[in-house]
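Residue numbers 53 to 361, in the working numbering, belong to the letters of the sequence shown in order.
First comes the structure, then the notes that go with it.
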Amino acid sequence: MAVSLLSRALGLLSVSSQTAALSQAVHRTGLLCWRAVLSPHFQMCPAQLTLFCRGFLTSASRCATDPRWKLRTKYTITPLRMKKTGGRDHTGRIRVHGIGGGHKQRYRMIDFQRLRYESGKEQVPFEEKVIQVRYDPCRSADIALVAGGQRKRWIIATENMQEGDVIKTSGHIGRMAVLAKEGDAHPVGALPVGTLINNLEVVPGKGAQYIRAAGTCGVLLRKVNGTAIIQLPSKRQVQVLETCVATVGRVSNIDHNKRILGKAGRSRWLGIRPSSGKWHRKGGWAGRKIRPLPPMMSYVNLPPVTATT
53 MAVSLLSRAL GLLSVSSQTA ALSQAVHRTG LLCWRAVLSP HFQMCPAQLT LFCRGFLTSA
113 SRCATDPRWK LRTKYTITPL RMKKTGGRDH TGRIRVHGIG GGHKQRYRMI DFQRLRYESG
173 KEQVPFEEKV IQVRYDPCRS ADIALVAGGQ RKRWIIATEN MQEGDVIKTS GHIGRMAVLA
233 KEGDAHPVGA LPVGTLINNL EVVPGKGAQY IRAAGTCGVL LRKVNGTAII QLPSKRQVQV
293 LETCVATVGR VSNIDHNKRI LGKAGRSRWL GIRPSSGKWH RKGGWAGRKI RPLPPMMSYV
353 NLPPVTATT
């Protein structure tokens with residue numbers, strides 16, 4: 053019995069060695085064929101050629117959540133496709149809960165820098181005509197398509213903006229305050245005190261960063277030594293340079309906070325997932341608190357005040 057088992061094991065070893073030798077021969081033949089097909093001047097060792105063929109035959113590896121609509125360098129008014137993240141970051145782990153599903157959306161690039169001159173027409177006020185005012189799935193406010201000169205662009209629409217309106221954009225600060233109408237964009241130093249504004253810049257030329265949500269507006273409180281004090285919708289005050297550009301009026305879709313979803317399914321259409329049904333005890337964060345307003349935030353690098361004798 054032992055002799056028969058030993059002979060069977062030796063037979064299996066001989067068959068496996070023959071199979072391995074045959075596979076190695078086929079592999080070498082295949083590599084030589086690939087070398088001949090790719091190029092007559094393609095001189096590469098079999099190991100390097102194996103790595104090259106492996107990368108050539110398999111699909112290229114890339115991030116599954118690569119937001120290509122964010123990587124564009126050229127502006128376009130064409131709606132761009134978006135890939136949903138489901139609240140996950142580039143590693144695939146959930147970073148924000150309650151996000152997932154929803155209707156497909158297209159992203160429209162918004163030009164938050166209203167004072168963007170065309171080439172050859174610098175420092176000249178220009179006018180644009182409103183072509184379309186429409187709903188945008190990526191933000192709470194409505195957006196408007198405006199055209200002027202040789203370009204078109206999307207901007208945040210104001211409360212009473214309609215198709216056919218002509219809006220003006222200027223970067224000039226005169227001795228007298230301008231009488232701007234809703235939708236016009238001027239530096240805050242050129243507007244009269246008490247004007248309602250939106251889409252406020254905090255750094256000149258960087259683009260609007262404040263007061264962009266639906267139905268919001270800020271108030272120009274006062275002007276001090278080349279700066280302007282703005283009250284935000286949160287009642288907080290910020291100090292910016294008078295050359296920062298802002299749009300006159302309120303942001304559109306003022307009834308956004310009064311909407312009623314009506315059913316759970318509409319939340320799923322919007323990409324909002326239900327929260328966990330687990331009961332959580334409310335801590336000290338719950339309840340009303342009366343706190344003083346935070347100090348004024350300044351975006352102006354003023355020189356320090358030194359005492360003079």
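Beta carbons are placed, not taken as given, at the ideal position from N, Cα and C, and that holds for glycine.
- By alpha-carbon distance to threonine 210, the top candidate from Tyr262, Asn277, Phe164, Asp194 is Asp194.
- Here the stretch 254–274 does not lie against the stretch 169–176, with fewer than 3 beta-carbon pairs under 8 Å apart.
- In chain order, Ile281, Arg288, Gln289, Val290, Gln291 place their CB closer than 8 Å to the CB of methionine 348, counting only its own chain and leaving out the 5 sequence neighbours on each side.
- DSSP, read as helix, strand or coil, puts tryptophan 331 in coil.
- The closest CA to that of glutamate 180, considering only Gln214, Thr247, Pro256, Met134, is found on Gln214.
- If the five residues before and after isoleucine 225 are omitted, its C-beta is found closer than 6 Å to the C-beta atoms of Pro239, Gly241, Ala242, all from its own chain and listed in chain order.
- For tryptophan 206, the enclosing beta strand (DSSP E) begins and ends at 203–208.
- In the three-state DSSP reduction, glycine 241 falls in the helix class (H, G or I).
- Taking a 10 Å sphere around the C-beta of leucine 345, we find fewer than 16 other C-beta atoms and assign the residue as exposed.
- In the DSSP annotation of this structure, the continuous segment of the alpha helix (DSSP H) that includes alanine 316 starts and ends at 316–321.
- Closest in alpha carbon position to arginine 158, among Ala338, Arg133, Ile312, is Arg133.
- Minimum Cα-Cα distance from histidine 155 among the listed residues His332, Tyr351, Ser328, Leu322 corresponds to Leu322.
- Rounded to whole angstroms, valine 352 and valine 276 show a C-alpha spacing of 11 Å.
- Within its own chain, the residues whose Cβ lies closer than 6 Å to the Cβ of phenylalanine 164, once the five positions on either side in sequence are excluded, are Gly259, Ala260, listed in chain order.
- Within the DSSP bridge table, the entry for alanine 280 names Lys275, Val292 as partners.
- The closest CA to that of tyrosine 127, considering only Arg145, Thr143, Arg160, is found on Arg160.
- For lysine 220, the secondary structure class from DSSP, reduced to helix, strand or coil, is strand.
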